[in-house]
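Residue numbers (this note's numbering): 92 to 325. Quick reminder that beta carbons are idealized off the backbone N, C-alpha and C, glycines included. Below is one structure, written out as structure tokens; the observations come after it.
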Amino acid sequence: MYKRILLKLSGEALMGEKQFGIDNSRLDAYAAEIKDLHDTNVEIAIVIGGGNIFRGVQAADGGMDRTQGDYMGMLATMINSMALQASLEKLGLYTRLVSAIEMKEIAEPYIKRRAVRHLEKGRIVIFGAGTGNPYFTTDSAAALRAIEMDADVILKGTRVDGIYSADPEKDPNAVKFENLTFDEAYNKGLNVMDMTAFTLCKENDVPIIVFDMNTSGNLKKVVEGEKIGTLVTV
Ligand code: UDP
Numbered sequence: 092m093y094k095r096i097l098l099k100l101s102g103e104a105l106m107g108e109k110q111f112g113i114d115n116s117r118l119d120a121y122a123a124e125i126k127d128l129h130d131t132n133v134e135i136a137i138v139i140g141g142g143n144i145f146r147g148v149q150a151a152d153g154g155m156d157r158t159q160g161d162y163m164g165m166l167a168t169m170i171n172s173m174a175l176q177a178s179l180e181k182l183g184l185y186t187r188l189v190s191a192i193e194m195k196e197i198a199e200p201y202i203k204r205r206a207v208r209h210l211e212k213g214r215i216v217i218f219g220a221g222t223g224n225p226y227f228t229t230d231s232a233a234a235l236r237a238i239e240m241d242a243d244v245i246l247k248g249t250r251v252d253g254i255y256s257a258d259p260e261k262d263p264n265a266v267k268f269e270n271l272t273f274d275e276a277y278n279k280g281l282n283v284m285d286m287t288a289f290t291l292c293k294e295n296d297v298p299i300i301v302f303d304m305n306t307s308g309n310l311k312k313v314v315e316g317e318k319i320g321t322l323v324t325v
């Protein structure tokens with residue numbers, strides 16, 4: 092169904108059952124799912140958050156300068172990105188870590204044409220350090236890189252199996268949507284991605300699928316076009 096995808100994983104997803112940091116078994120499980128998809132010749136770009144380690148907003152609530160906190164958050168995404176890269180490489184996959192902040196000892200700088208070329212050659216490209224700017228999130232980084240890479244879709248892997256009318260973990264009457272337009276999601280006040288990311292996707296016609304990444308096999312099924320999760324389109 093899709094030839095080139097951008098997978099967005101939150102940092103919190105990497106915690107698994109832990110309260111902080113990275114759960115290695117969860118990381119390896121994600122890497123295995125990504126390998127299964129890669130084996131079908133889909134081109135894969137990945138953006139990982141850093142919320143399991145550091146968030147600038149929370150640091151600012153505690154009195155830290157927001158910009159300082161946000162840069163720390165961006166560094167946290169690099170730690171997660173490096174961990175996922177290592178996990179993918181253990182499975183024999185070719186990867187490239189590309190950073191929005193220059194760190195030449197550990198990652199390539201972001202150069203659009205070079206990143207596209209990696210994808211064309213079948214390398215898994217992990218985009219670290221978000222957008223490289225404070226006051227953004229990794230959802231926005233995912234939207235931006237998906238547009239720049241001309242990805243067919245953003246796959247937002249979460250713990251929940253789609254977008255619901257209310258929080259399904261709190262409200263038993265919450266109903267799941269299979270399809271939504273960006274306008275419907277906005278009018279209903281649904282939380283798909285933060286507004287910056289949401290608007291970027293809407294204006295550039297990049298569909299988003301929110302799905303449960305913790306169920307084995309789902310990632311591949313979503314890309315094959317199975318109706319899993321919620322599809323948001325223009
Ligand atoms: N961040 C940033 N600019 C970006 C991306 C991320 O400043 O372009 C910082 C911000 O402080 C954010 C943190 O990095 O809170 C971690 O990213 P995010 O909260 O998006 O991670 P997730 O919620 O996906 O785990």
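The beta carbon of N224 sits closer than 7 Å to at least one heavy atom of ligand 1.
Residue side-chain check: S172 keeps its Cβ at 7 Å or more from all non-hydrogen atoms of ligand 1. Distances taken from the Cβ of N305 to the heavy atoms of ligand 1 include none shorter than 7 Å. Note that the C-beta distance between M304 and L100 is below 8 Å.
Excluding residues up to 5 positions away in sequence, G164 lie with their Cβ nearer than 7 Å to the Cβ of R146 in the same chain.
Within a 10 Å sphere around the beta-carbon of R236 sit 16 or more other beta-carbons, which makes this residue buried. Within the stretch 185-228, the complete beta strand (DSSP E) segments of 3 residues or longer fall at 186-190 and 215-219, listed in chain order.
In the displayed model, A288 falls within a helix according to three-state DSSP. Across the structure, I135 and L210 are spaced so that their CA atoms are roughly 7 Å apart. Ligand 1 never approaches A136 closely enough for any of its heavy atoms to be under 7 Å from the residue's Cβ. Remark: the C-beta of A232 is in contact range of ligand 1, defined as less than 7 Å to any heavy atom. Here K94 carries a coil assignment [DSSP, helix/strand/coil].
Distance from the Cα of L166 is smallest, within the candidate group Q176, A174 and A220, for A220. Per DSSP, T131 lies in no alpha helix (DSSP H) and is assigned neither H nor E. DSSP places F111 in the coil class of the three-state scheme, outside both helix and strand. A buried status is given to Y201, since no fewer than 16 other beta-carbon atoms sit within 10 Å of its beta-carbon. DSSP places K293 in the helix class (H, G or I) of the three-state scheme.
Going by DSSP, I170 is part of the alpha helix (DSSP H) stretching over R157 to K181. Distance from the C-beta of N143 to the nearest heavy atom of ligand 1 is below 7 Å.
Comparing alpha carbon positions, the residue from M173, I144 and G320 closest to T306 is G320. Taking 8 Å as the cut-off, the Cβ atoms of V313 and L246 count as close. Between the alpha carbons of T131 and E315 lies a gap of roughly 10 Å.
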